[in-house]
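Residue numbers (UniProt numbering): 1 to 430.
Here's the structure, in structure tokens; my notes come after.
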Amino acid sequence: MISQKHATTLIQPWLSDLKAGYNKNLTSPPTYFLHSPSTSLITNSNLHSLHLGTGESIYNSLLPLLESANEEVILVTCFWAVSSTQKLVNDALRKLSDKGRQRGRKIRSSLHLPNPQELEGLDMQVKSIFLLPFSVMHPKFIIVDRKVAVLPSCNVSWEDWFEGAVTLTGPVVSCFVDFWREFWAQPEDRDELLNLSTDSELEHVISRMPQQQQQERLPFHQPLDHKDIPTIFLPSPHNRNPAFRLPWQRSAPPPPTPLNTFFLRSLASAERDIYIQTPNLTAPPVLTAILRTLHRGINIHIVTSEKLMILEQLVTAGTTTSRCISKLITKYRDLCSSQNIDLEAGYAKAGNLRIEYFTPKGQGRGEPQQSHLKCTIVDGELVILGSGNLDRASWFTSQELGVAFFDKGIAEKLRSDLEGALRGRVRRAL
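Here's what the structure looks like:
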């Protein structure tokens, strides 16, 4: 159950934001959650495993789960690129086909899938959605037999980037299914499946995933046992209008999606400290919120990548993460120097700002070269994971998906594991 403190300072203001943005959100599907966000987005979950490493190592650790499917695997990814990760998924499809029965197939050879003859045991559908003018369906998630959900930060692609994933069961899986059903699914796919695996069978499969619990060595895979976690499902629908502004104009407000509004409210309600790890940081609303939070005396620690997807940043944001970080540091120093501390007037000292750039330990295979994880930890008790970057594209146009967990144990464990995994892999910028 969500604490009274969070219900008052975070959840109720967030629900009010969604109500205020109702008409704007109606124009961007999916919209199923708008009529009753308190029942469709607020849920519970069980967290079974945490994975840190490259996309290839994470998918390799997920193979036992994928291959355990009895009825269905739903895999949503922003990229499907020829890579060792794609080969792992294809191998899993072959094994699933071996234990399945032929029920028809829809396969496009241009996607570098196995030959149709190798997948005759699967009823397989491949769907690509394109929406003009900017079509980036950025979520990444997997649903196995509508009983287990995986929330990774990585695509099925070739990049050796620092990524993360968690496996989930419980009521939150229905939220993943609803999101998939309302946007991605064909009408004939929307019926509930029968003869699904039992929870005990799935927990046994999850227990057979590879384990590597030495933090500084990657990949890092660890079983977890956190149950009945208060959870918020945070879709962020695609928006057609990028709301570009000229350099001398004020930035437009971001679409009031569940993910965008929840993130901003999380920063506004923070009481002590915030940890942010994001591939890029170019969204003006986020940068403004960070400065406001620092002004309130909240400590903020940011880990990001200095030179990740530079061309994409210039096209979608007209700037880069390194430029935005430099401006943020300048504004923060101005804040600290101009802030005359007057305790009698009620002013607080500005919070501490720590910024680090991800730096690989080397160029060897399996060593992440950039950081692509998206993670926010607030006050050591709230964790936000998912696909959403803190860049302009994710905030203004791309479809994204996040999940928030209210649990001190998860927050402390994740923060500790990230500190261990990043030891020797970050460089101070401030």
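Even glycine gets a Cβ: it sits at the ideal position worked out from N, Cα and C.
Residue environment, residue i, which counts as buried when at least 16 other CB atoms sit within 10 Å
i: H138; result: buried
i: N23; result: exposed
i: K140; result: buried
i: S337; result: exposed
i: Q12; result: exposed
i: Y76; result: In the sequence under discussion, the amino acid at residue 76 is Val, which differs from the Tyr named in the question. That one is buried.
i: S398; result: buried
i: E271; result: exposed
i: N241; result: exposed
i: S83; result: buried
i: P230; result: buried
i: residue 433; result: Any property of residue 433 remains undetermined from this structure, which presents the chain solely from 1 to 430.
i: L418; result: buried
i: L390; result: buried
i: A317; result: buried
i: R392; result: buried
i: V126; result: exposed
i: T293; result: buried
i: R181; result: buried
i: I232; result: buried
i: T39; result: exposed
Residue span of the alpha helix (DSSP H) that contains residue i, given as start and end
i: D334; result: 321-338
i: K361; result: No alpha helix (DSSP H) contains K361, which DSSP labels as neither H nor E.
i: L26; result: Element bounds for L26: n/a, residue is neither H nor E.
i: H295; result: 284-295
i: N60; result: 55-67
i: D17; result: 12-20
i: S394; result: 392-396
i: T316; result: 310-317
i: S266; result: 258-269
Nearest-angstrom Cβ-Cβ length linking residue i and residue j, presumed shorter than 8 Å
i: S266; j: I129; result: That belief does not hold up - the Cβ atoms of S266 and I129 are roughly 29 Å apart, past 8 Å.
i: E67; j: A92; result: 5 Å
i: S371; j: W161; result: 7 Å
i: L335; j: H295; result: 6 Å
i: P223; j: N44; result: Rounded, the Cβ-Cβ distance is 20 Å, inconsistent with contact.
i: I276; j: T376; result: 5 Å
i: G178; j: N70; result: For the sequence presented, residue 178 should be read as Asp rather than Gly. Rounded, the Cβ-Cβ distance is 21 Å, inconsistent with contact.
i: V148; j: L65; result: 6 Å
i: G380; j: K413; result: About 11 Å; that fails the 8 Å criterion.
i: G297; j: A348; result: 4 Å
i: W14; j: T261; result: 6 Å
i: I410; j: H226; result: 6 Å
i: S281; j: L353; result: First, the amino acid is wrong: residue 281 is Leu here, not Ser. Actually they are not in contact, since the Cβ atoms of L281 and L353 sit about 12 Å apart, beyond 8 Å.
Terminal residues of the beta strand (DSSP E) in which residue i lies
i: T376; result: 375-378
i: E163; result: 161-169
i: D273; result: 273-277
i: R423; result: Careful: R423 lies outside any beta strand (DSSP E) and carries neither H nor E.
i: I229; result: 220-236
i: I74; result: 73-76
Straight-line Cα distance separating residue j from residue i
i: D273; j: N239; result: 31 Å
i: P258; j: Q117; result: 43 Å
i: I2; j: G362; result: 43 Å
i: I42; j: L62; result: 27 Å
i: A7; j: S36; result: 16 Å
i: V315; j: G53; result: 29 Å
i: V303; j: E356; result: 5 Å
i: T169; j: L151; result: 11 Å
i: P360; j: E306; result: 12 Å
i: I325; j: A283; result: 11 Å
i: E159; j: A81; result: 10 Å
i: L328; j: G351; result: 14 Å
i: L264; j: N60; result: 34 Å
i: R217; j: N25; result: 43 Å
i: G420; j: L50; result: 14 Å
i: L143; j: P253; result: Checking the sequence, you will find Ile at residue 143 rather than Leu. Those two C-alpha atoms are separated by around 33 Å.
i: L291; j: T31; result: 32 Å
i: Y332; j: S28; result: 35 Å
i: C154; j: T319; result: 24 Å
i: L96; j: L122; result: 7 Å
Counterpart residues of residue i in DSSP-defined beta bridges
i: F406; result: L382
i: R354; result: H301
i: A149; result: I143, L168
i: N44; result: P230
i: S49; result: T167, P223
i: V156; result: W80
i: S97; result: Per DSSP, none; premise fails for S97.
i: Q399; result: M137
i: L113; result: None; L113 has no bridge partner.
i: Q370; result: W161
i: L281; result: L390
Closer than 7 Å: residue i CB and nearest the ligand MN heavy atom
i: S266; result: Inclusion of the ligand MN in the displayed structure is not the case, the ligand content being empty and no account of it being possible.
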